[in-house]
Amino acid sequence: MAAAACIQTASVGHFGCQIGLKQRLGGQYAALPMLRKKDLESSKALPSWSRSLSDTAAFAVPYKHPSPLTQTSSRSVVPKVAAAAPAPSANEKIKIGINGFGRIGRLVLRAALARDDVQVVAINDPFIAPDYMAYMFKYDSTHGPYKGEVTAANGLFSVDGENIAVHQSKDPSEIPWGEAGAQFVVESTGVFTTKEKAETHLKGGAEYVVISAPSSNAPMYVMGVNEDKFDPSEKIVSNASCTTNCLAPLAKVIHENFGIAEGLMSTVHATTATQKTVDGPSSKDWRGGRGAGQNIIPSSTGAAKAVGKVLPELNGKLTGMSFRVPTADVSVVDLTVKLERPASYDDIKAAIKKASEDELHGILGYTEDDVVSADFIGDERSSIFDAKAGIALNDSFVKLVSWYDNEWGYSNRVVDLVVHMARAVAKAK
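Written out as structure tokens, the structure is:
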């Protein structure tokens, strides 16, 4: 997603769903991306510190599934290497820091508040003061206002009575994550997307970083697809893009059941904050500079190719492109594949439905309703297969359609990945 119009690169889709830091930094930084959740394992199977069902801290709010989302701010300076955040103890929540309070950052906080096993303890954004941070978090034109209590006073940001440390450092190495107890950092600026850039968070005391964007060299994980390959020795990882999170679970089911010989993907993608409201300069992507509300804009994307990184057996078998359309949220993947083993469309539907009710429940959905994009605003699943929208030319050549809330679904996957990593780390100790 490289250029200004949310052109997607490595495996994009959500990339660019953030706010425009590019303008605020005079072009030095790229735009902040803003970009359902896999059922949690039985609490009895989890480490005791990752189970806090009895914890009734104000930070947790009731979870509704699926429905629309019904301190000082001075620059932080710390020593070159700060003390690491302490490991969670029994019944303690997994503590998270967020760098970049754009679309993704704010929705990651909402997603975290809907759970009882994680807690956001610190936020860093050099361009947003605590009072404006509270306003942007409370009011959302797409997902609706946050229903809890959100306040800001005396340089502090508070949600449901719990204070969140706020910092305004442009240099990740200067953010004192360790002081706040943040073991995991969600890197959601869209700027520090390589291992080398993201690992500077470790100097402030963080132990692990999850990049909420595709990365050129960090290990990439998609929940429901390859998260089991995570190694606790990997300190910097990527959650891929929202489009890859939609495509990969669907491709996995099709390949495991029928084999994918080759395929092409198109994503019809909602507008994101990096696009222009009216025609404007975009030297790297001329079409991307055209008015987002007036046009359907063809764009590049690496989302399909990135599937080969999380499913190596599909490496080189998929590629694709994107169309940016003038809707605020929810996108849809069109996957056209040639099958290795012939199957009727009914057979394909049955395989996807089974997976959606079994191993991919909460990640992959299935519907036979006459749905449209607005019906998926606030749906936290990664990919919802539309059985009525697909079509087969014959038993070997088929078009499959799957919806995704490119903002809310992806943000939930970020939190899911953090929790999965925390469990793996605890198990390895």
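Be aware that the sequence shown starts at 32, since it is given in the numbering used here, and climbs by one per residue. The C-beta atom is built at its ideal place from N, Cα and C for all residues, glycine as well. Every value quoted in this text rests on a predicted model; they were computed, and no experiment measured them.
State the CB to CB distance for the pair Thr280 and Ser414, rounded to an integer number of angstroms; the pair is presumed to be in contact (CB under 8 Å).
The displayed chain sequence assigns Pro, not Thr, to residue 280. Right, the Cβ-Cβ distance comes to about 5 Å (below 8 Å), so this counts as a contact.
Helix, strand or coil: which one does DSSP assign to Leu71?
Note on Leu71: pLDDT 37, under 50, position unreliable in the model; no value is reported.
Under 8 Å by Cβ, that's how I've got Arg321 and Asp310 pegged, so tell me the actual separation to the nearest angstrom.
5 Å
For Thr220, which of Asn248, Pro176, Lys380 and Pro157 has the nearest alpha-carbon?
It is Pro157.
Spatial neighbours of Ala423 in its chain, beta-carbon cut-off 6 Å, leaving aside the 5 residues before and after:
Tyr376 and Val429
At which residues does the alpha helix (DSSP H) containing Trp208 begin and terminate?
Trp208 to Ala211
Mind checking who Ile415 pairs with in its DSSP beta bridge?
According to DSSP, residue pairing for Ile415 in a beta bridge involves Gly396 and Trp434.
Sort out for me which residues DSSP pairs Ser331 with in a bridge.
Met352
Looking only at its own chain, which residues have a Cβ that is under 8 Å from the Cβ of Pro99, when we skip the five neighbours before and after it?
Residue placement at Pro99 is poorly supported in this model, since its pLDDT is 35, which falls under 50; the coordinates are not used for a value here.
Secondary structure at Lys369, three-state DSSP: helix, strand or coil?
strand
Thinking C-beta only, is Ala386 closer than 7 Å to Val284?
yes
Return the first residue and the last residue of the beta strand (DSSP E) that Leu448 is part of.
Careful: Leu448 lies outside any beta strand (DSSP E), inside the alpha helix (DSSP H) at Trp439 to Ala459.
Cα separation between Gly128 and Ser243?
Rounded to the nearest angstrom, the gap between the Cα atoms of Gly128 and Ser243 is 13 Å.
Cα-Cα separation between Val356 and Leu342, rounded to whole angstroms:
29 Å
Distance between Gly347 and Gly339 (C-alpha atoms, nearest Å)
When rounded, the separation of the alpha-carbon atoms in Gly339 and Gly347 is 7 Å.
Buried or exposed, going by whether 16 or more other CB atoms sit within 10 Å of the CB of Leu84?
Its pLDDT being 28, under 50, Leu84 is placed unreliably by the model, and nothing is read from it.
Would you list the residues sitting across from His198 in a DSSP beta bridge?
Asn155
Can you tell me which of Met254, Ala381 and Trp439 puts its alpha carbon nearest to the alpha carbon of Glu399?
Ala381
For Thr332, tell me which candidate among Asn326, Arg444 and Cys273 has the shortest Cα-Cα distance.
Cys273
Give a yes or no on contact between the segment 227 to 241 and the segment 180 to 189, applying the rule of three or more CB pairs nearer than 8 Å.
no
Distance, Cα to Cα, Val456 vs Thr305?
36 Å
Which whole-angstrom value describes the C-beta separation of Ser433 and Val364, a residue pair presumed to lie in contact below a C-beta threshold of 8 Å?
Under the criterion of beta carbons closer than 8 Å, Ser433 and Val364 qualify as touching, at roughly 5 Å.
I'd like the list of long-range same chain contacts for Ser172, defined as Cβ closer than 8 Å, with 5 residues on each side in sequence excluded.
Ala359
Would you decide whether Arg412 is buried or exposed? Buried here means 16 or more other CB atoms lie within 10 Å of its CB.
Arg412 should be labelled buried.
Straight-line Cα distance separating Lys419 from Asp401:
7 Å
Which runs of the beta strand (DSSP E) spanning at least 3 residues fall entirely within the segment 230 to 300, listed in chain order?
239 to 242 and 267 to 269
Taking just the CA atoms, how far does Asp191 sit from Ala301?
31 Å
Does Phe132 come out as helix, strand or coil in the three-state DSSP assignment?
coil
For Leu431, which residues in the same chain have their Cβ closer than 6 Å to its Cβ, ignoring the five residues on either side in sequence?
Leu366 and Gly421
With distances taken between CB atoms, is the gap from Leu349 to Gly294 smaller than 7 Å?
yes
How many whole angstroms separate the CB atoms of Phe354 and Val299, which I take to be in contact at a CB cut-off of 8 Å?
At roughly 5 Å, the Cβ-Cβ gap stays under 8 Å, so Phe354 and Val299 are in contact.
Out of His451, Asn130, Val446 and Pro329, state which residue places its alpha-carbon closest to the alpha-carbon of Lys203.
Here residue 203 turns out to be Pro, not Lys, going by the sequence shown. Nearest option by C-alpha distance: Asn130.
Host alpha helix (DSSP H) of Phe168 (start-end)
Pro161 to Lys169
Leaving out the 5 sequence neighbours to the left and right, which residues in its chain are closer than 6 Å to Phe289 when beta-carbon positions are compared?
For Phe289, the CB contacts under 6 Å within the same chain, skipping 5 residues up- and downstream, are Leu370, Arg372 and Ala374 in chain order.
Does the distance from the CB of Asn276 to the CB of Val240 come in under 7 Å?
In this structure, Val240 does not lie closer than 7 Å to Asn276 by Cβ.
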